[in-house]
Each structure stands twice: as structure tokens, then as C-alpha cells.
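Position 272 (the sequence shown) corresponds to 253 in the working numbering; numbering is contiguous. Please read the structure below before turning to the comments.
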Amino acid sequence: MTGPITAMSQDNSFFEKTKIQHKINEARHNFIQGNVKSALLNYKEAIALNPSNVKAEYGLAECYYKLQNYKKAKFHAEKAYLADPKIDDDILFLLGRTYFRLNEITKAKQKLSQFKEMTKSKSKLKDYGVDLKLAQIAYAETAKVNEKIVIENMGNILNSSAPEFAPAISNDGKYLLFTSRRADTKGGGIDHYFDHNYFSDIYLSKWDANTKTWSEPSNLLGKMNTEFHDGNLSFTADNSILIYRNIYNVTRSGDIYQSSYSGDGNWGTPKPILHRDKAISHKINSSYFESSASMTEDEKYIYFVSERPTGKGQTDIYYVEKKGKSYSEPVPVGDHINTAGDEKCVFIHPSGKVLFFTSNGRSESMGSYDIYYCTKDENGQWNNPMNMGAPINTSLEEKTINVSRMGRQHI
-18 MTGPITAMSQ DNSFFEKTKI QHKINEARHN FIQGNVKSAL LNYKEAIALN PSNVKAEYGL
42 AECYYKLQNY KKAKFHAEKA YLADPKIDDD ILFLLGRTYF RLNEITKAKQ KLSQFKEMTK
102 SKSKLKDYGV DLKLAQIAYA ETAKVNEKIV IENMGNILNS SAPEFAPAIS NDGKYLLFTS
162 RRADTKGGGI DHYFDHNYFS DIYLSKWDAN TKTWSEPSNL LGKMNTEFHD GNLSFTADNS
222 ILIYRNIYNV TRSGDIYQSS YSGDGNWGTP KPILHRDKAI SHKINSSYFE SSASMTEDEK
282 YIYFVSERPT GKGQTDIYYV EKKGKSYSEP VPVGDHINTA GDEKCVFIHP SGKVLFFTSN
342 GRSESMGSYD IYYCTKDENG QWNNPMNMGA PINTSLEEKT INVSRMGRQH I
């Protein structure tokens, strides 16, 4: 009498397993395509159907790491590893990276060393940068904190519950720009492709010399913001603004624009950098991704970051030099500055004598992206870069840097 019931139970079990596998397959597809938030939701659905599914647990850890929620990445990675240490060939690598981000140096070193020992493919170890990460851990173990440097939160007027990044202060100290992904973004658009957060906008705050406070920031800046991703980069000497834009079907990737200052806290419609010299403008803004730019006070040099394939790594620092009324062809800043990793942000001090940049490709690192600087020697050549050290750099990612004209404040 129990035959039909047993058969029905088996059918339900098969259906559940098929449904779970479908969710996991869908999650993997979304993750590979870069749609991490959707992959995360797929894995959560798989866990809801079977809380003990180790593949889904590991997938959650991967997603949370990609979304920079390292505490949750650690929780799910440890849970997956405890249930099945062989759930994925990269589980030790994921654990090692996660521990490093959380400044659990001893655990990070242990897991990455285990991964190196167990991985037979030398090309895989090279592609994953395992030796570089172990070298960074060794550097972080001996790094000392500069007690003279004080890190201060800029308060609730400027900061919100949304991400804020890439702050920049004008040379006269009157204006502060930053990028944020808030609900009032122009057009209210959401990036459904990656993390399901709002598109980024540029925000401006003004310094009140009487109250010694920054004003409530606003993104109502004429035509500076679009309905897509916008981000500020830096100020020029005359308070014009260099910005980054990623407009679908226009820039195709990311391009550098300039908004001219017209006085009284107003800026003109952004146009491609050096738009009057289209030949050089098109060589700065290529068909590849350009994400950062900074100009010397005398406008003789413009430094920028690009993903063009002529670089040493995926993204490198280039510069153009003004000769007469025009600029030279873009050239890499030098192999002792660019690495096989990524240089993400560049800032040239108004004096033109100190270059700041961020990189994840150097062994002298507290972890992932750190901020570095180099000075120009008497022959006009850049000296070897130096890590700015703790507490400016941490085990997390420091991706942008802006320095006040007097050099006493960094944001």
C-alpha cells in the first residue's frame, strides 16, 4: 500500500534537486556575466530549498567577496569549507583573500600557503597572483603605523548610508566634490547589471568660512550629472572640474570630461577633455576605459589612467605634455610606476613635483589597492614609488587620493 506514496516522494525529491541545480546553474551564469547581485539572490533561493547545499554556500561566499562584504564572505566560506574542504579547487584561495581583507594576517598566510602547496598548475598560481599576495602579507606583517597621521570621519552632513568615494578639494579650499550612489541620483536609475545599487552622481559641498563647516551636498549641478554613471576626478587650477562619464552608446566604456568653472559656484556643460584639440582628445579618450585624470597647475602635464592594451597591466598611468599650443602623444609614465597589476587612480599635486596613485600590483602593500607617491628629481624624472603606509593604507581597498594644495590634508 506504500508504493504510490514512495514513488511520489521520490518524484518530489528529484524535482527539488532539479530545481536547486537550476538555481545554482543560473547563479553561476549570472556571476560569470558580472551580474553579482542576481547571482547572490539565486544562491539564496537554492539555500532556501536546501540549507545544507554546500555549492550554494560557497557561491554565496564568492558573491559577498565580490560585493566587498568580507564578513559575510568569511561566514559562508568557512561554513562551506567545514562541510566539504574539497567543494571547490579555489576554496583555500577564497578563504586566504577574505582573511587578508579582514586583517586576519596569520590565517590569510596559512590558507594561501596551503593553496600554493596544493595547486600543481604554475600558470594558475601566476594568474591568481599568489606569490604577490604572500609578499603583500609579509609586508603587512612588518608595517608600522604613523602615529602623527590622524584619520577623521567627515561627518553625517557629507556621509550617508550609501557609498561615498573619490573626494576632491579645490585648490582654494572652497569646494569639495565627491561621488555617491544615492536614491536621489539623476533619473533614479539602478545598475541592474552588477550590484543593483543606484547609478553614481557627483555631489558638491561648499565651505562656510564663518561656521567652519561644509554645506549640505547637492547633485543638482546643471548638466554635470547624467542618468548613467558619473564620477568626479579632480579640480584644475581655475576650479574647472575633471570628471568621469560612462554613457551607454556614447562613451561606450568610460571617458574623461571637463566642466569649465564660470564663477559663483557654477560650472558649464561637460565636454570631452581638451575638446578643442580633437586629435589629442581622442587619444586620451580611446575606445577603452579611461577612469582617472589629474592636471598640473600650469596645465603642462595631464596624467590619466587607461585600460588600453599597450599598457603593462590591465590599467596603467599615462601622461601628455604640453609643447607650445598642443599636447604630445600619450605615453606610459614608466615601468617603475606601472605594474602588471592595476593602477586605478592618479593625482598630480598642483606643484607638479609629487605624483600620487593607487595600485594593487606592488609587493609593498597592506592589501589589494594601496596609495603610493613618488617625487620628481632634479632631472625631471620620477623617483621610485613609496607606500604611504598605515593608517592611510589598510587591509581593505584605498582606491582614490586627493591632496590639499599645502599638502597637510589628504582625502
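For every residue, glycine included, the Cβ atom is placed at its ideal position computed from N, Cα and C. Every value quoted in this text rests on a predicted model; they were computed, and no experiment measured them.
How many Å lie between residue i and residue j at the Cα?
i	j	result
Ala37	Ala20	10 Å
Lys325	Glu378	11 Å
Gln(-9)	Val35	Low confidence applies to Gln(-9): its pLDDT is 48, below 50, so where it sits in the model is not reliable, and the reading given next is rough at best. Roughly 22 Å separates the two Cα atoms.
Ser332	Phe216	14 Å
Glu(-3)	Asn178	32 Å
Val111	Tyr284	30 Å
Asp182	Ala143	12 Å
Lys396	Ala8	Nothing can be reported for residue 396: it is not among the residues displayed for the chain, which extend from -18 to 392.
Ser307	Asp258	8 Å
Phe81	Ile118	8 Å
Met367	Ala42	34 Å
Arg78	Phe96	11 Å
His3	Leu30	12 Å
Glu136	Thr375	Looking at the sequence itself, residue 136 is Gly, so the reference to Glu does not match. Whole-angstrom Cα-Cα distance: 21 Å.
Ala260	Val312	15 Å
Ser340	Ala89	20 Å
Ala58	Tyr39	6 Å
Phe12	Glu359	50 Å
Relative to the alpha-carbon of residue i, which residue among the options has its alpha-carbon at the smallest distance?
i	options	result
Ser272	Ala124, Asn360, Tyr282 and Arg289	Arg289
Ile72	Arg82, Leu93, Phe81 and Glu85	Leu93
Asp189	Asp153, His173, Lys204 and Arg78	Asp153
Leu139	Glu26, Asp245, Ile118 and Asn200	Asn200
Asp219	Tyr354, Gly170 and Ser243	Ser243
Lys252	Ile224, Asn84, Lys264 and Trp195	Ile224
Glu302	Lys281, Ala42, Lys25 and Lys380	Lys281
Ile373	Glu133, Ser287, Ser186 and Ala116	Glu133
Leu75	Tyr46, His317 and Ala29	Tyr46
Phe338	Lys107, Asn383 and Lys25	Asn383
Asp279	His57, Ser287, Thr375 and Gly305	Gly305
Asn247	Tyr109, Lys155, Arg162 and Lys88	Lys155
Gly315	Asn364, Asp172 and Phe328	Asn364
Ile329	Asp323, Tyr299 and Ile13	Tyr299
Gln14	Val286, Ile1 and Cys44	Cys44
Mapping DSSP to helix, strand and coil, what is residue i?
i	result
Thr87	helix
Glu280	coil
Asp165	coil
Tyr46	helix
Ala96	Note that residue 96 is Phe in the sequence shown here, rather than Ala. In the structure shown, Phe96 sits in a helix (DSSP, three-state: H, G or I).
Ile261	helix
Ala190	coil
Tyr242	strand
Tyr179	strand
Asn213	strand
Ile298	strand
Ile237	strand
Tyr184	strand
Phe12	helix
Val314	coil
Ile171	strand
Specify, as a first and last residue, the run of the beta strand (DSSP E) that residue i falls within.
i	result
Asn227	Ile222 to Asn227
Thr79	Not the beta strand (DSSP E): Thr79 falls in the alpha helix (DSSP H), residues Ile72 to Arg82.
Thr356	Asp351 to Thr356
To the nearest whole angstrom, what separates the beta carbons of residue i and residue j, a pair I think is in contact under 8 Å?
i	j	result
Thr160	Ala147	5 Å
Lys293	Thr320	6 Å
Asn266	Ile237	6 Å
Ala411	Met347	This structure cannot settle anything about residue 411, because the visible part of the chain is limited to -18 through 392.
Trp195	Leu157	6 Å
Asn23	Tyr174	At roughly 15 Å, the Cβ-Cβ gap does not stay under 8 Å, so Asn23 and Tyr174 are not in contact.
Gly249	Ser262	Between Ser262 and Gly249 the Cβ distance is about 16 Å, and since that is not below 8 Å, they are no contact.
Quick check on the DSSP output: the alpha helix (DSSP H) that includes residue i runs from which residue to which?
i	result
Ala61	Tyr51 to Ala64
Ala147	Here Ala147 belongs to no alpha helix (DSSP H); instead the beta strand (DSSP E) covers Glu145 to Ile150.
Asp108	Lys103 to Tyr109
Ile28	Val17 to Leu30
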